[in-house]
Amino acid sequence: MKYIYSSLLSLTFAALPVTVAAQQPADDPSVTTEITDSDEEFDLAVRQNPVEIPDEADDIDIPIPGFIKRSANHIIYNGADWSKLRAAFEGSLQAPVSIVHIGDSHVQADINTGTTRELLQYDFGNAGRGLIAPLRICGTNQPKDYVFQSRNSWNAVKLMSPSWAQTVGFTGTSIRPSSSSSELTIGTLDTDDYNPFTSATIFHNGKLTIKDVTDENGNPVHFRAVPSRDYTQIILASLATKINVSFASAGDLTLYGASLSGDRPGVFYHAIGNNGATYDSYNRIGNVGVGINPLQPNLVILSLGTNEAFGRRIDTASFTRSIDRLVKNIRTANPDALILLTTPMECHRSVSKTQKVRVRKKARKGRKATYRTVTKSTRSYAVNANIAPLRQAILDYGKNNGIAVYDWYEVAGGNGASTSWINASLFAKDRVHHTHKGYNLQGRLIYDALMDALREQPRN
């Protein structure tokens, strides 16, 4: 697998003085630590624009470090009945299994979810690439195994935009053509395994009229368009890895993404990720449940909570209500889908350390030296103490509502895990995101937990 985060902060860290929190003596009365407005702005930029993650060797069988709590690497069922999901996987040769994984920047780059997808599809079959979104058109990083591009001009909005000039879809993206006739190129890339498709379902709001479809060489492709209220399915007469779709739009047309299907048995692992996203971000869309319904999910995984932890104050009661709102929205539109909540692991946040130091004043030759006291400020890092109570809120919500939970916080190492991940080069330099190997490790562990759930009867 070849994936790379796009970098919008390539110079940020080089421009700031950074020290490690542990290097400052804890009992030094001249040193104070606080979270300033500048720290919050810095953290926001980091979470919405992840630093570059270098591509690494195609190795998903990486060693599992000793600090990973493998005994905790299982699904906490909380009374939820997963027998239907087991049956769905057992019948995956007859009907594809569909998993929808919704999250923040940890999901947007599709490294961890890409690992889980590859492993599940290796075991049960590759039903297709699944959901793709116009992330690059919206000006943000996009997974490297698909193309979603256009030569036309578009009005683009993404989930974390301060204001929305147009409707944002369940993918967290929205593009509106600037002209009545436009074209899109969508498909899979050969940076990964050959992954052809026979149909492409385009999700949109407003009328979409497909005019013609060509292959990457401009040759006509025979197709049949099947319009529906919220999407249009393009059924191809032959396999393709990339198609150019020309269409006409009438009125206020907006596009949200597409799903690529190979018309094969196996597993779909759809990933919906948006940098900086929270439960409330997806609640703001209002119809996530309706949006994912055409994907026919058997399981919906919600991996959120990291970004909520970056406020100066947290309200666990409000956070719990936000979880409940999104869960109910999804359940109402997808009553047969299981829901799995995941907890965020321990991470760091930016803090400002100030210290009063004596500085020698300039003095004329022959005169006695004099000193003045100045305040020196440096940016440092500390464990984000807000993660732990939000993790507990997710655990409590799952237990109180009969919803399964994957406690990634505990699996990753629990309290103090962030230090272990930094020392093992599994954390990126922003100490929020992971390195490529870190995400590979996470994806492999989630896969192991899911396989454990499919093999065994519930243990809790």
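Count the sequence shown with mature numbering (1 follows the signal peptide of the UniProt record, and there is no 0) and you get residues -22 to -1, 1 to 438, in order.
Don't be surprised by glycine CBs; every beta carbon is placed ideally from N, CA and C.
On the CB-based measure, 16 or more other CB atoms within 10 Å of its CB, does residue i come out buried or exposed?
| i | result |
| --- | --- |
| residue 370 | exposed |
| residue 55 | buried |
| residue 200 | exposed |
| residue 172 | exposed |
| residue 352 | exposed |
| residue 427 | buried |
| residue 122 | buried |
| residue 20 | At residue 20, the pLDDT of 47 sits below 50, so the modelled position is not reliable; the number obtained from the coordinates is stated separately. So residue 20 ends up on the buried side. |
| residue 62 | exposed |
| residue 88 | buried |
| residue 217 | exposed |
| residue 410 | buried |
| residue 295 | exposed |
| residue 341 | exposed |
| residue 423 | buried |
| residue 434 | exposed |
| residue 1 | Low local confidence applies: a pLDDT of 36 at residue 1 is under 50, so the model's placement there is unreliable, and no value is given. |
| residue 197 | exposed |
| residue 120 | buried |
| residue 406 | buried |
Spatial neighbours of residue i within its chain, please: CB distance less than 7 Å, with the 5 preceding and 5 following residues excluded, ordered by chain position.
| i | result |
| --- | --- |
| residue 155 | 130, 132, 227 and 231 |
| residue 404 | 412, 413, 415, 416 and 419 |
| residue 338 | 347 and 349 |
| residue 95 | 247 |
| residue 282 | 81, 82, 255, 256 and 257 |
If residue i and residue j are in contact, beta carbons under 8 Å, what's the gap, nearest whole angstrom?
| i | j | result |
| --- | --- | --- |
| residue 81 | residue 251 | 5 Å |
| residue 384 | residue 98 | 15 Å between Cβ atoms; not a contact. |
| residue 373 | residue 286 | With 8 Å as the limit, residue 373 and residue 286 do not qualify as a contact, their Cβ atoms being about 15 Å apart. |
| residue 249 | residue 85 | 5 Å |
| residue 116 | residue 164 | Actually they are not in contact, since the Cβ atoms of residue 116 and residue 164 sit about 15 Å apart, beyond 8 Å. |
| residue 141 | residue 239 | The Cβ separation is near 35 Å, so there is no contact. |
| residue 430 | residue 52 | 5 Å |
| residue 221 | residue 192 | 7 Å |
| residue 311 | residue 267 | 3 Å |
| residue 175 | residue 208 | About 20 Å separates the two Cβ atoms, so there is no contact after all. |
| residue 67 | residue 432 | 5 Å |
| residue 253 | residue 118 | 6 Å |
| residue 128 | residue 162 | 5 Å |
For residue i, which option in the options has the closest C-alpha, if you only look at C-alpha atoms?
| i | options | result |
| --- | --- | --- |
| residue 78 | 278, 393 and 338 | 278 |
| residue 194 | 240, 181, 166 and 187 | 166 |
| residue 160 | 291, 292, 48 and 186 | 186 |
| residue 255 | 137, 398 and 214 | 137 |
| residue 113 | 341, 135 and 179 | 135 |
| residue 457 | 281, 206, 422 and 101 | It is not possible to answer for residue 457, since the shown part of the chain is limited to -22 through 438. |
| residue 366 | 69, 181, 206 and 386 | 386 |
| residue 298 | 269, 378, 308 and 272 | 378 |
| residue 382 | 319, 399, 335 and 293 | 319 |
| residue 375 | 288, 300 and 158 | 300 |
| residue 307 | 219, 269 and 402 | 269 |
| residue 364 | 151, 284 and 41 | 284 |
| residue 380 | 402, 343, 345 and 302 | 302 |
| residue 273 | 57, 41, 73 and 69 | 73 |
Less than 6 Å between C-beta atoms, sequence neighbours within five positions excluded: which residues of the same chain meet that for residue i?
| i | result |
| --- | --- |
| residue 59 | none |
| residue 316 | 63 and 277 |
| residue 149 | 111, 234, 235 and 250 |
| residue 259 | 137 |
| residue 421 | 90, 93 and 94 |
| residue 32 | Only weak support is given to the placement of residue 32: the predicted model assigns it a pLDDT of 42, under 50, and the value that follows is read from those uncertain coordinates. Nothing listed; no residue qualifies. |
| residue 71 | 243 |
| residue 190 | 224 |
Leaving aside the five residues before and after residue i along the sequence, list all residues of the same chain whose C-beta is less than 8 Å from its C-beta, in chain order.
| i | result |
| --- | --- |
| residue 188 | 201, 203, 210, 212, 223, 224 and 225 |
| residue 184 | 227, 228, 229, 230, 231 and 232 |
| residue 388 | 47, 50 and 321 |
| residue -6 | For residue -6, the pLDDT reaches just 34, beneath the cut-off of 50, and the residue's location in the model is therefore unreliable, leaving the point undetermined. |
| residue 362 | 287, 288, 324, 325, 326 and 327 |
Let me check you understand the geometry: is the CB of residue i closer than 7 Å to at least one non-hydrogen atom of the ligand GDP?
| i | result |
| --- | --- |
| residue 420 | The ligand GDP is absent from the structure shown, which contains no ligand whatsoever. |
Under 8 Å: do the stretch 264 to 278 and the stretch 351 to 359 share three or more Cβ pairs, one atom per stretch?
no
Using 8 Å as the threshold, is the stretch 317 to 329 in touch with the stretch 392 to 406, meaning 3 or more CB pairs across them?
yes
Any 3 or more C-beta pairs closer than 8 Å across the stretch 261 to 271 and the stretch 133 to 148
yes
Counting beta carbon pairs with one atom in the stretch 98 to 115 and one in the stretch 233 to 247, are three or more of them shorter than 8 Å?
yes
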